[in-house]
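J.: Got a structure for you, questions after.
Protein chains: 2
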Amino acid sequence: MKAFQDYYPENLSHCYGCGSRNLHGHRIRTFWDGEETVTRFTPEPYHTAVPGFVYGGLLASLIDCHCTGTAAAATYRAEGREMGSEPPLRFVTGALNVSYLKPTPLGPELTIRGRVKEIKGRKVVVEATVYAEGVATARGEVVALQMPETFGA
Amino acid sequence: MKAFQDYYPENLSHCYGCGSRNLHGHRIRTFWDGEETVTRFTPEPYHTAVPGFVYGGLLASLIDCHCTGTAAAATYRAEGREMGSEPPLRFVTGALNVSYLKPTPLGPELTIRGRVKEIKGRKVVVEATVYAEGVATARGEVVALQMPETFGA
Chain D
1 MKAFQDYYPE
11 NLSHCYGCGS
21 RNLHGHRIRT
31 FWDGEETVTR
41 FTPEPYHTAV
51 PGFVYGGLLA
61 SLIDCHCTGT
71 AAAATYRAEG
81 REMGSEPPLR
91 FVTGALNVSY
101 LKPTPLGPEL
111 TIRGRVKEIK
121 GRKVVVEATV
131 YAEGVATARG
141 EVVALQMPET
151 FGA
Chain U
1 MKAFQDYYPE
11 NLSHCYGCGS
21 RNLHGHRIRT
31 FWDGEETVTR
41 FTPEPYHTAV
51 PGFVYGGLLA
61 SLIDCHCTGT
71 AAAATYRAEG
81 REMGSEPPLR
91 FVTGALNVSY
101 LKPTPLGPEL
111 TIRGRVKEIK
121 GRKVVVEATV
131 YAEGVATARG
141 EVVALQMPET
151 FGA
């Protein structure tokens, strides 16, 4: 199954968080699950803060790219367009807010679930929650802004 | 000169963002500059979002660890204690909010400057700004919480 990120044009597929062509990066893959979006990601042993727990900056990164991907997919859907149809829709982050609800255990696969809160012109607000073994450990919100066509050209 | 992070006890020096013992991580180093704190960091070529610009998740990570380090140093200072004196003071992130003011060019060394907004019991609020070639490109705020003594033990 193709992930949202598989539809990004080649020149916009180098993001450290979600670019399929960034071999050093996280290469997250995001999918629809009904009205929600879902990404699964297993941190590396070195993605730690305090031993035994996941680094908060990684969680912020996962929330960030999960939400910008969700913003793109939701906008295609709202416009009744197939993902990947021209012109490409790609979003950058205007603001990222994360609350760390409890320590996230390092080891298990994490699930990030997203929900679109608002689509308004070129701005999409997406909320995401990180779960470890079914427990919500972090929650974030991203204000995603549609990228100017000239950006990355 | 010793950075704030050089005073962290060994078991708390593994953080991906600021742990001197995490060989895969960013190993940021933070210092006082008068009443402000400063970290300098040069992203790797693969820390990209759109080609030519720095990945926002990295900027969030730098702000995060810069601010928790600042929270520790400011608390030692407020208590009139030398950094590294026992018991160790170490902070975790309760909330992280970042506004991306403009694209951050990838290449030049970045400067992150921090300022303590509030010290209240075990909670310290720190504001940080990222500069590239003298231009502020991102601004963030961290609510840092003093780590329970049992954490990471």
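Protein chains in written order, with the UniProt record's numbering: chain D, 1 to 153; chain U, 1 to 153. A virtual CB, placed ideally from N, CA and C, is assigned to each residue, including glycine.
1. Compile a chain-ordered list of the residues in the segment 12 to 25 of chain U whose CB is closer than 7 Å to at least one CB of chain D.
2. Are the C-beta of aspartate 6 of chain D and some C-beta of chain U separated by less than 9 Å?
3. Look up isoleucine 112 of chain U in the DSSP assignment and say whether it is helix, strand or coil.
4. Taking only three categories from DSSP, how would you classify arginine 139 of chain U?
5. Is glutamate 133 of chain U near the ligand NAD - that is, is its Cβ less than 8 Å away from at least one heavy atom of it?
6. Of all the beta strand (DSSP E) runs that stay within the bounds of the segment 52 to 124 of chain D, which reach a length of 3 or more residues?
7. Using a Cβ cut-off of 8 Å, pull out every chain U residue sitting near threonine 70 of chain D, in sequence order please.
8. Starting from the beta carbon of histidine 66 of chain D, find every residue of chain U whose beta carbon is closer than 9 Å, and list them in chain order.
9. Are any of the Cβ atoms in chain U nearer than 9 Å to that of tyrosine 131 of chain D?
10. Check whether chain U comes within 9 Å of alanine 126 of chain D, counting only Cβ atoms and requiring the distance to be less than that.
11. Report yes if the CB atom of alanine 73 of chain U is closer than 9 Å to the CB atom of threonine 37 of chain U, and no otherwise.
12. With which residues is valine 146 of chain U paired in a DSSP beta bridge?
13. Taking only the alpha-carbon atoms, compute the straight-line gap between glutamate 82 of chain U and tyrosine 7 of chain U and give it to the nearest angstrom.
14. Since tyrosine 76 of chain D meets chain U, which of its residues come closer than 9 Å, beta carbon to beta carbon?
15. What span of residues does the beta strand (DSSP E) with threonine 39 of chain U cover, start to end?
16. With contact counted as at least three CB pairs below 8 Å, one residue from each stretch, are the segment 133 to 142 of chain D and the segment 87 to 103 of chain D in contact?
17. Can you name the residues of chain U whose CB is closer than 9 Å to the CB of residue 154 of chain D?
18. Let me know if aspartate 64 of chain U comes out buried or exposed under the rule of 16 or more other beta-carbons within 10 Å of its beta-carbon.
19. Please name the residue, chosen from U/Pro88, U/Ser61, U/Gly121, that lies closest to glutamate 10 of chain U on a Cα-to-Cα basis.
20. Report all residues from its chain with a CB closer than 6 Å to the CB of threonine 129 of chain U; omit the five preceding and five following residues, and keep chain order.
21. Find the nearest neighbour of glycine 34 of chain D within the set D/Asn22, D/Val143, D/Thr70, judged by alpha-carbon distance.
22. Can you check whether the CB of leucine 106 of chain U is closer than 9 Å to the CB of leucine 62 of chain U?
23. For the beta strand (DSSP E) containing phenylalanine 4 of chain U, name the first residue and the last one.
24. Measure the alpha-carbon distance for proline 51 of chain D versus alanine 78 of chain D and round it to whole angstroms.
25. Cutting at 6 Å between CB atoms, please list the residues of its own chain near histidine 14 of chain D, excluding the five before and the five after it.
T.: Taking the definition as stated:
1. Leu12, His14, Cys15, Tyr16, Gly17, Asn22, His24, Gly25
2. Within the first sequence, residue 6 of chain D is the residue found at index 6, counting from 1. It does not: the Cβ of aspartate 6 of chain D has no partner Cβ on chain U nearer than 9 Å.
3. Your numbering for residue 112 of chain U matches position 112 in the second sequence. Three-state DSSP puts isoleucine 112 of chain U in a strand.
4. Sequence index remark: in the second sequence, residue 139 of chain U carries index 139 (1-based). Correct three-state label for arginine 139 of chain U: strand.
5. Absence of the ligand NAD is noted for the structure shown, with no ligands found whatsoever.
6. 91 to 100, 110 to 120
7. Here residue 70 of chain D corresponds to residue number 70 of the first sequence, with the count starting at 1. Within chain U, no residue comes near threonine 70 of chain D; the closest Cβ sits about 15 Å away, beyond 8 Å.
8. To locate residue 66 of chain D, count along the first sequence from 1; it is residue 66. Going along chain U, no residue has its Cβ under 9 Å from histidine 66 of chain D, so there is no contact; the nearest lies around 11 Å.
9. Locating residue 131 of chain D in the first sequence gives position 131, where the first residue counts as 1. No, because no Cβ of chain U sits closer than 9 Å to the Cβ of tyrosine 131 of chain D.
10. For the purposes of this step, residue 126 of chain D is taken as residue 126 along the first sequence, with counting starting at 1. Looking at the sequence shown, residue 126 of chain D is not alanine but valine. Not closer than 9 Å to any Cβ of chain U, the Cβ of valine 126 of chain D fails to qualify, so no.
11. In the second sequence, the residue the question calls residue 73 of chain U occupies position 73. In the second sequence, the residue the question calls residue 37 of chain U occupies position 37. Result yes, Cβ atoms of alanine 73 of chain U and threonine 37 of chain U sit closer than 9 Å.
12. Within the second sequence, residue 146 of chain U is the residue found at index 146, counting from 1. The displayed chain sequence assigns glutamine, not valine, to residue 146 of chain U. DSSP output for glutamine 146 of chain U lists U/Phe91 as bridge partner(s).
13. The residue labelled residue 82 of chain U in the question sits at position 82 within the second sequence. The residue labelled residue 7 of chain U in the question sits at position 7 within the second sequence. Approximately 10 Å between the Cα atoms of the pair.
14. Taking the first residue of the first sequence as 1, we reach residue 76 of chain D at position 76. By Cβ distance, chain U contributes nothing, its closest Cβ being about 19 Å from tyrosine 76 of chain D, past 9 Å.
15. Translated into the one-based positions of the second sequence, residue 39 of chain U becomes position 39. Run containing threonine 39 of chain U: 36 to 41, per the beta strand (DSSP E) assignment.
16. yes
17. Since the displayed chain D opens at 1 and closes at 153, residue 154 of chain D lies outside it and no answer follows.
18. Locating residue 64 of chain U in the second sequence gives position 64, counting from the first residue. Label assigned to aspartate 64 of chain U: buried.
19. Working through the second sequence from its first residue, we reach residue 10 of chain U at position 10. Scanning U/Pro88, U/Ser61, U/Gly121 for the CA closest to the CA of glutamate 10 of chain U turns up U/Pro88.
20. On the second sequence, position 129 is the one that residue 129 of chain U refers to. Cβ neighbours of threonine 129 of chain U within its own chain (closer than 6 Å, five residues either side excluded): Arg113, Ala136, Arg139.
21. Locating residue 34 of chain D in the first sequence gives position 34, counting from the first residue. For the residues D/Asn22, D/Val143, D/Thr70, the minimum Cα distance to glycine 34 of chain D belongs to D/Thr70.
22. Here residue 62 of chain U refers to the residue found at position 62 of the second sequence. Here residue 106 of chain U refers to the residue found at position 106 of the second sequence. Not a contact, by the Cβ cut-off of 9 Å.
23. Taking the second sequence and counting its residues from 1, the one referred to as residue 4 of chain U is at position 4. Counting along the chain, no beta strand (DSSP E) covers phenylalanine 4 of chain U, and no H or E run does either.
24. Walking along the first sequence from the start, residue 51 of chain D turns up at place 51. Walking along the first sequence from the start, residue 78 of chain D turns up at place 78. Computed Cα separation, rounded: 43 Å.
25. Here residue 14 of chain D is taken as the residue at index 14 of the first sequence, counted from 1. The residues are Arg21, Asn22.
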